[in-house]
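Number of protein chains: 2
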Amino acid sequence: MSVQKRQIMQVDEAITKLLEVPLHGTVEIISLEDSDGRYLAEDLIAPHAVPPFDRSPYDGFALASQDTKTASHKEPVMFQVIDHIGAGAVSQRVISEKEAIRIMTGAQLPRGADAVVMLEVVKEHGVDAFELSRQINKGENVSYKGEDTKKGEIILTKGTRIHPGVIALLATFGYSEIPVFKRPLVGILATGTELLDIREPLQPGKIRNSNAYMIAAQLRKLGAHPVMLGTLSDDYDHTFLGIQNALKTVDLLITTGGVSVGDFDHLPRVYEELGATLLFNKIAMRPGSVTSAARFQDKMLFGLSGNPSACFVGCELFVRPYIVSSFHARKPHLTMMKATLGADFLKANPFTRFVRGTVTMNDSDIQAVPAGLDKSGSVSSLALANAFIVLRGGTRGWKKGDAVYVLLLDGEGSEWPWTVLLSK
Amino acid sequence: MSVQKRQIMQVDEAITKLLEVPLHGTVEIISLEDSDGRYLAEDLIAPHAVPPFDRSPYDGFALASQDTKTASHKEPVMFQVIDHIGAGAVSQRVISEKEAIRIMTGAQLPRGADAVVMLEVVKEHGVDAFELSRQINKGENVSYKGEDTKKGEIILTKGTRIHPGVIALLATFGYSEIPVFKRPLVGILATGTELLDIREPLQPGKIRNSNAYMIAAQLRKLGAHPVMLGTLSDDYDHTFLGIQNALKTVDLLITTGGVSVGDFDHLPRVYEELGATLLFNKIAMRPGSVTSAARFQDKMLFGLSGNPSACFVGCELFVRPYIVSSFHARKPHLTMMKATLGADFLKANPFTRFVRGTVTMNDSDIQAVPAGLDKSGSVSSLALANAFIVLRGGTRGWKKGDAVYVLLLDGEGSEWPWTVLLSK
């Protein structure tokens, strides 16, 4: 597994390889109140119709349309008001000829009525009568039982992400306990003698372990449960044992650093000694070309770069779809969109670049501008970025005004953007 | 405050009125690990430079560029390797003439060195020497101290939303405790005799209180802390006392239902009896035209419609910017984008419609299609929608292929989309 043997793989190929050995989501039942952002583990059906009964969508009078047949300005029809109901009340009365019931929005249509006339249409005679001077059609101003959803219909499918609108639907049908996919436990192990904890003061030659905190936040955002396992110094045995131990307690493991070809990059040898199956260790992308994945028994090991930006990109491009696919989500990848490049980016590269960028949507178009310093070690650019600008590999640089694709860091996700993103 | 007196207000006017009496965010200190999605309450400065020292961005040999001046293919220069350091180690040696130190990515540049030559460029003679056959410039392959961030620079400004990239930056600088704006306590009180709890079986004429659960999820998503205060039946005194009590314990209060002009719509009278200042109670929009806001002492009362879709829209258009502005966020409104209408929508309306829709981004364009049933009482459309399609009020309907604006429910937010959205 020396540098010479590394085979370059395209981003889409690498993701395909990952998803061929998927993480299988397991199911748990949680309260509706705790279900934000989780993914449904089952199709759910409507246990009853919605609306659950014929109801009035307005304030008005419920009546039988039949009785309005002759109504006109010249010969208005007089109705007797025999009851008065608000939403939640059910009238015990049945409407007979030329009778009506005063009904408020959301109340159940009384027996004998097949239409509602709005308050402003009639001329009231006290509280007990009104005259109507136009014909009302059957079904006018009635929200019929089941017009929104029929009993037994599938209302939500497995893999649906639970957002406020979904919660509204679940509550409507009385789903208070929800089957969702469990958050997988994802171990995070940072390797590198240079790493200090964020609570330690700086020391010569050392930097703080920002990657672990960053990845933990990325994982929480995509619905996994990060487990911070600390740092490993650049000692081979220490690294091997640390990884071997970590694998016992988590569903998958992310390491940062140690995946390149430097003298202290131990991960390739660790994979070998574990007997893990290497999926990839060199991707045709910048930053993060050393991003690696290997499979140990039923667990995936992701070896991300120790460079903050490269690490971030590796997590979003590879770890994200691997985990989100375990929730059966239909759009596990970052959200792809078209944009106009707002600044020159003249450095050509044979590999496809994922430049941290800022996408601005304004009245006329969508502009994407590189954010901060474009070096794989840059961290300030990560704080500014809301997207990756995808600059396909090739021999030329890119110019302001060029049409590009971007991958948004916030958004609903894409189904499979790679065919579009990587095609020449 | 009867129906006749209601003054129609445009959406942007109503929001302007709200933001003239802003909610003032208060500050708390939380752990970095708990800060996802929160908003910084202060500008933060860099307590040190990043990188904190000159370092090597590659695996190679650190040397003095001066010594390479004469190097060429014909006359390569031989260097002695006097030390070997990985990231985190600091060499105790100082480079003298024709000396070099083997250095790994991330390690501090040794004293006496001013450039790094990459491993693959040299011809190694065992571990102690190599020859170099080209000139190396001063600063070549050196990441200089402070090139990413200088000490004392403002790294993040007040109002920044904390996402994984921001967390990376905070961790880099050792910010383990973060000043953020507190989540305001937002009471949710549903009014209506028809409302059952989500854990109750259906009863004739009644429906479950889905709005409170939906709003709670909307509030959590935008960073507030919902307080579920139950339901109030359509009895005036009960409603008045319930609201008066609720106001004592929360920072702002949302009610659902009771804001229209029906016989049991008590909210207008409650506002009056409380002595609250009405901001608006009729908006030129569909759904949710009865959306109301009133100010009682230093607290805002939002009166949202009882219809699920109208309630949802009212929360996103009005409650969202009111709360998110208290975090000093620069983009407190829903994310505006241009799209192509993917289906006819022929019902003309003098009011601007916010149609629940599904926005799909594909290779060629961004399509927006209405989701499900377009009635204010519809709830299934909310589960499907990822955006509002904004159809400006007027005398004509809208056709497939028309250019429209959409407001995305997921996204970074917009600064002030209203000028664009509502202009003719």
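If you read the protein sequences in the order shown, they are chains A and B. Taking the numbering used here, the leading residue of the first sequence gets 131, the next gets one more, and so forth. Taking the numbering used here, the leading residue of the second sequence gets 131, the next gets one more, and so forth. Think of the CB as a built atom: it goes at the ideal place given N, C-alpha and C, for glycine as much as any other residue. Remember, it's a predicted structure, so these values are computed and weren't measured experimentally.
Proline 240/B is positioned such that its CB atom lies no closer than 7 Å to that of leucine 332/A. In the DSSP assignment, valine 520/B falls within the unbroken beta strand (DSSP E) covering 517–521. Contact check for isoleucine 145/A and phenylalanine 426/A: beta-carbon distance about 19 Å, past the 8 Å limit, so the pair fails to qualify.
Counting the other Cβ atoms within 10 Å of the Cβ of alanine 440/B gives 16 or more, which makes it buried. The beta carbon of phenylalanine 457/A is closer than 7 Å to those of Gly155, Tyr169, Gly289, Phe311, Gly353 in its chain, skipping five residues each way along the sequence. In the displayed model, arginine 136/A falls within coil according to three-state DSSP, outside both helix and strand. At the C-beta level, aspartate 244/A and alanine 194/A come within 7 Å of one another. Taking every protein chain shown into account, the CB of isoleucine 496/A has 16 or more other CB atoms within 10 angstroms, so this residue is buried.
In the DSSP assignment, proline 398/A falls within the unbroken alpha helix (DSSP H) covering 397–404. Scanning its chain for C-beta atoms nearer than 8 Å, with the 5 sequence neighbours on each side dropped, one finds around serine 340/B the residues Ile328, Pro438, Val509, in chain order. With a cutoff of 7 Å on beta-carbon distance, glycine 527/B and lysine 477/B are scored as near each other. Membership of glycine 269/B in any beta strand (DSSP E) is not indicated, and neither H nor E is assigned to it by DSSP. Excluding the 5 residues flanking it on each side, histidine 355/A has same chain C-beta neighbours closer than 6 Å at Arg313, Leu315, in chain order. For phenylalanine 484/A, the enclosing beta strand (DSSP E) starts and ends at 482–491. When Cβ-Cβ separations below 7 Å define contact, glycine 295/B makes contact with chain A. The C-beta of lysine 253/A comes no closer than 7 Å to any C-beta of chain B. C-alpha of lysine 268/A to C-alpha of threonine 488/B: approximately 33 Å in a straight line. If you draw a straight line from the Cα of valine 536/A to the Cα of glycine 218/B, it comes to about 35 Å. Short of 7 Å from the beta carbon of alanine 533/B, and not among the five residues preceding or following it, lie these beta carbons of its own chain, in chain order: Lys468, Thr470. Looking only at Ile159/A, Ala237/A, Glu545/A, the smallest Cα-Cα distance to glycine 335/B is reached by Ala237/A. Excluding its 5 nearest sequence neighbours in each direction, alanine 459/B has C-beta neighbours in its own chain below 8 Å: Tyr169, Gly289, Arg291, Gly543, listed in chain order. When Cβ-Cβ separations below 7 Å define contact, aspartate 532/A makes no contact with chain B. With the rule of 3 Cβ pairs closer than 8 Å, the region 200–214 of chain B does not count as touching the region 159–175 of chain B.
Exclusion of the five residues before and after proline 309/A leaves Val157, Glu158, Ile159, Leu170, Ala171, Glu172 as the residues of its chain whose Cβ lies within less than 8 Å of its Cβ. If you check the CB distance, leucine 359/B and alanine 346/B do not come in under 7 Å. The C-beta of aspartate 367/B has fewer than 16 other C-beta atoms within 10 Å across all chains shown, which makes the residue exposed.
Any Cβ of chain A closer than 7 Å to the Cβ of phenylalanine 394/B would place that residue at the interface, and such an atom is present. Two segments are said to touch when three or more pairs of C-beta atoms, one from each, lie closer than 8 Å; by this definition the region 176–192 of chain A touches the region 265–281 of chain A. For the region 386–415 of chain B, the set of residues with a beta-carbon nearer than 9 Å to any beta-carbon of chain A comprises Gly387, Ser390, Val391, Gly392, Asp393, Phe394, Asp395, in chain order. In the three-state DSSP reduction, methionine 415/B falls in the strand class (E or B). Separation of the CB atoms of leucine 397/A and glycine 388/A is rounded to 4 Å, and the pair is thereby assigned contact status at 8 Å.
For proline 438/A, the nearest CB of chain B lies under 7 Å from its own CB, placing it at the interface with that chain.
For the region 162–181 of chain A, the set of positions with a beta-carbon nearer than 8 Å to some beta-carbon of chain B reads Leu162, Glu163, Asp166, His178, Val180, Pro181 in chain order.
In the three-state scheme derived from DSSP, where H, G and I count as helix and E and B as strand, arginine 232/A is classed as strand. Of Val485/A, Ser494/A, Val211/A, the smallest CA-CA separation from serine 226/A is found for Val211/A. The C-beta distance from threonine 465/B to methionine 491/A rounds to 7 Å, short enough to meet the 8 Å contact threshold.
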